[in-house]
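Chains as they are written, first to last, in my numbering: chain W, 1 to 355; chain R, 1001 to 1512.
Just so it is clear, CB atoms sit at the ideal spot from N, CA and C, and this is done for glycine as well.
Owing to the predicted nature of the structure, the values given are computational and were not obtained by experimental measurement.
Some notes on the structure that comes next.
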Amino acid sequence: MKIFGKREKLTGEILHEGESAIANKETEGLSQGQIVRRRFFRHRAAVIALIMVSSIVIFVFTALDSKIGPIRIPGWWKWTVEDIPELRFKDCPGGSTGCPTLSIRPGSSFGMGTHPFGQDDIGRDYFALVMNGARRSLMIMFIIGAVSGFIGVVVGSISGFYGKTIDAVLMRLVDFLQTVPTIIIAAVIGKAAGRVGPIFLALFLGLLGWTGLARLVRAQFLSLREMEFVDAARVAGASNLRIAFKHILPNAVGQIIVVVTLIMAGAILTETALSYLGFGVVAPDVSLGLLISQYESAFTTRPWLFWWPGFFIISIALCVNFIGDGLRDAFDPRQRRRITKKDRLQAKAHSKAGA
Amino acid sequence: MLGYIMRRIGVSVMILFGSSFMVYNLAAYASDPLAELRLSTDDGARQAIIALTRDLQLDIPPPIRYFLWLKGILGVFTGNLDLGMTREASSVQSQLAYAIPVTLRLVFVATFTALLFGLALGIISALRQYSRFDYGMTFLAFLLYSLPIFWIAVLLKEFMAIQFNNFLSEPNIPIRWMLILSLFTGVFWSSLFGGERKIFWRIFTGAVATNFVILWAINATDWYLNPGLGPILIALLSFGIAMGVTSISTGVDNKPARNAALTMAGLTVICYFPAQFIFNNFASYFVILLMIAIIVVTGIATSKIFSKIDRGPIARTAIITGILAGFLILIDRFMQTWAEYSATDAVNGRPVPTYGQRKDELVTGDFWISNLDLIMHLILPTIALILISLAGWIRFSRGALLEVLNQDYIRTARAKGLNERTVITRHAVRNMMLPLSSLFVGEVVGLIGGAVITERVFGFQGMGTLGIKAINTFDLNLLMGVNLLLSILVVLGNLLSDLVYSALDPRIRLRK
């Protein structure tokens, strides 16, 4: 029972060669992509998160009618946001109205009922509202990720590749954007953008969120462009563009993807926070943050109006964060599989057999 | 060095100039302060439009108006700073002067508590890499990362304030909850210490039993209606603090350090009754500061008595022990105020508030009651802020410590026979702190962003509320005031973190 217990000695029991043999064996004869994929799928939490996030996305985007241009794809859910069915009074606790009909209690049978997430003040189906809100929030999240990712990569690579004056100018621009408090500027624009629509808001938030990524990409470029393989490419007559896109960028792509997932996880929180403050998505449009802010005061009497949007925000953000973590481990070249007891015994047996 | 600082300040001023110009114009063009008045057909509305246009100089185009605003800012060098007027014709300075302390209080307490807990959890998590505790902390950190602060704030309001106040009106912890809470703490402590299975179970049963007895005693004595620690409990806890602090800072085998710490703990406990007298009669911030100073001086003196060599760490141990033990007495004094505070008309038996930064009725009252009121109002928003910033610290400190533990100098330290405690506290943790110092600023700035939302949920009249009000009423001068302050904070913070980093790490030399 010591505070400073001895750390588990990874190299204690077996020869160092035995250990690296395990590590090398698992990457032998595999391409970079295969190694990354393999490592990613070994990260259990990340895989579960990936499955969950993709099912949430499919679930959310197919539940309601969606319009792509003139084509209208009907959703599988019976209510829409516009429907105002009758408010349910029966069986509700404490005289409240529109309580959820979802029952997953082990004793009674599993059933969705007519309104699994309940109904709001005027009787609109809350499941439909939450689905619509989650769809908005997911869409905004992807747009912010894409815009921030694109600008961050472009600015960072130009800055890191060319250096000198261009680098100095671009990095001052980054400093400059980082000085502006995001929440304030986003709120100013959000207030104006409420009339323009959520897509515009997402684009604008994307324009603000790329600075950290740009710094990271720049740092990667600065170190990678001094590498021998870049010199080799240049001697072979490759153009600047080719060097940047074919030789340097693929080496930086791991870190870029990781940061973009983190930007996306942050984006859904920023969007919901802004909507909560009234500067993001505004009524009659629906977003998860807006739903929480609208029904915040109803928490004591009708808590389900508060739980469901929160549940969706947290599960989406949590899953995206876990995927990012899995990707980070997968792309990290220093990352080795944790040597388990079984591996050690195997290696020991192996080295004994060899000797 | 001086040249570097001057150059950095110069660049910072340019950046501040640029960013404020951008925000000013963006806000000016994105919002129309007269929009509502224009829609009105009232006669007074036309008068109001004319008056506002004159007062806020709305007839001048924004890019030029910006320079008029800037002129007021530059007045800071001649001693008459002018941030302009709000729409209600009060000066922006006075509004900010009222709001700044409110926000700072919130952010300050939250930052340091989160830092303390986050570092501790992160360090332990790294020391027990791949253990149950480590996995638990990783999951906790990710969960906290993904929590929307407004959501957690509303939950806190419901469960920690409303429900807890209800509970206090008829206080009784059901036995079922006692058991659940005890099992939970048991799991926490046993996984924190880890070790072999036998030790694990021993700690687990110990923690469950202790916790259960404590809860039962609390329940039986109605402690939460009339709390207090009392001299005996303070003596016991002080002894524990003395041993704990020594075992972390120098190790309990170090006799002078242990004796110095125990002496400090003993002295503080002896001072319990005199302290009560002072607290009851001469309570003020100054007196408390004075007492801290006395503890520090006594700590140094004690270390001189107990050791002839290597006094630095021993004095440090003694001072930390003394301050923590003294803090217990302070907490005890606040607890003694609890029943009285709870019974005041303004509180009326519902001591955990959900709204506002303090109760106006209690501001001028008794020192202890008004400060307890302040603390009670701070608790919930602070917890909300701690929860969101805790995740970052856990992850950063865990990662940084693991990185450091793989370095060659740690291997060297172990190889030359230092014990594990010295290796961790002197060689690893100190080096781990270096990269964290540069993250500190970013965290604080992020926390201020979180404070904007927390203030709104808990009805604090701080900078965030001011900023939201400014945006909602299209009050440009007020918005710029808030924005300028936050930007200056970021710029100064970045400069400071670079300087601290270079001062702490001799490997880094700033460009001349």
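Under the Cβ distance rule, R:Val1363 does not count among the residues neighbouring chain W, no pair being separated by less than 8 Å.
W:Val230 counts as buried, since no fewer than 16 other beta carbons sit within 10 angstroms of its beta carbon. In this structure, R:Leu1144 and R:Thr1382 do not form a Cβ contact; the two beta carbons are roughly 15 Å apart against a cut-off of 8 Å. By the CB criterion at 8 Å, R:Asp1332 and R:Gly1228 fall inside the cutoff.
A Cβ-Cβ distance of about 7 Å is found for the pair W:Phe221 and W:Gly156, placing them in contact under the 8 Å criterion.
Counting the other CB atoms within 10 Å of its CB gives R:Phe1142 a total of 16 or more, which places it among the buried residues. Distance from R:Ile1329 to R:Tyr1285 at the Cβ level is roughly 16 Å; contact not present, criterion being Cβ atoms closer than 8 Å.
Interface criterion not met: the Cβ of W:Gln220 is under 8 Å from no Cβ in chain R. The beta carbon of R:Leu1486 falls within 8 Å of a beta carbon belonging to chain W, placing the residue at that interface. With a threshold of 8 Å between beta carbons, R:Pro1353 makes no contact with chain W. Apart from the 5 residues on each side of it in sequence, R:Thr1425 sits with its Cβ closer than 8 Å to the Cβ of Ile1248, Ser1249 in its chain, given in chain order. Our two residues, W:Leu249 and W:Leu327, have alpha carbons roughly 17 Å apart in a direct line. Residue-level contact by beta carbon fails for W:Ala267 and chain R, as no gap is shorter than 8 Å. The beta-carbon of W:Thr261 is placed no less than 8 Å from the nearest beta-carbon of chain R. With a cut-off of 8 Å on Cβ pairs, the stretch 252-264 of chain W is in contact with the stretch 311-325 of chain W, counting three or more such pairs. Under DSSP, the beta-bridge partners assigned to W:Arg72 are W:Lys67. Under the Cβ criterion (8 Å, minimum of three pairs), the stretch 180-188 of chain W counts as touching the stretch 1475-1487 of chain R. Distance check between W:Ala187 and each of R:Val1500, R:Gly1467, R:Asn1494 places R:Gly1467 closest, using alpha-carbon atoms only.
Taking a cut-off of 8 Å for Cβ pairs, the stretch 1253-1272 of chain R and the stretch 1343-1361 of chain R do not touch, as fewer than three such pairs fall below it. Secondary structure within the stretch 1087-1157 of chain R: the alpha helix (DSSP H) runs of 4 or more consecutive residues, fully enclosed, are 1092-1127, 1132-1145, 1149-1156 (chain order). For W:Glu228, the uninterrupted alpha helix (DSSP H) run begins and ends at 228-235, by DSSP. Three or more beta-carbon pairs separated by less than 8 Å link the stretch 1435-1450 of chain R to the stretch 1100-1114 of chain R, which places the two stretches in contact. Scanning the stretch 1434-1509 of chain R for uninterrupted alpha helix (DSSP H) segments of 4 residues or longer gives 1463-1472, 1476-1504, listed from N- to C-terminal end. Contact between W:Phe312 and W:Ala134 holds: their C-beta atoms lie close to 5 Å from each other, under 8 Å. Sequence-distant partners of R:Ala1339 (beyond 5 residues in either direction) whose C-beta falls short of 6 Å from its own C-beta, in its chain, are Asn1226.
Separation of R:Thr1473 and R:Val1457 (C-alpha to C-alpha, rounded to the nearest whole angstrom) is 19 Å. For W:Ala49 against W:Phe40, the beta-carbon gap comes to about 11 Å, at or over 8 Å, which does not count as contact. Listed along the chain, the chain R residues whose CB falls inside 8 Å of the CB of W:Asp121 amount to none; the nearest CB is some 18 Å away.
Between W:Asp175 and chain R, the shortest Cβ-Cβ separation is below 8 Å. The beta carbon of R:Val1404 sits no closer than 8 Å to any beta carbon of chain W. Among the bridge pairs identified by DSSP, R:Met1291 is matched with none. Straight-line measurement puts the Cα of W:Asp332 at about 16 Å from the Cα of W:Val217. In this structure, DSSP gives R:Gln1407 a state outside helix and strand, which the three-state scheme calls coil.
For the stretch 1155-1184 of chain R, the beta-carbon criterion of a distance under 9 Å to any beta-carbon of chain W is satisfied by Leu1155, Lys1157, Glu1158, Ile1162. Secondary structure note for R:Ile1234: its alpha helix (DSSP H) is the uninterrupted segment 1230-1249. Distance from the CA atom of W:Ser315 to the CA atom of W:Pro309, rounded to whole angstroms, is 10 Å.
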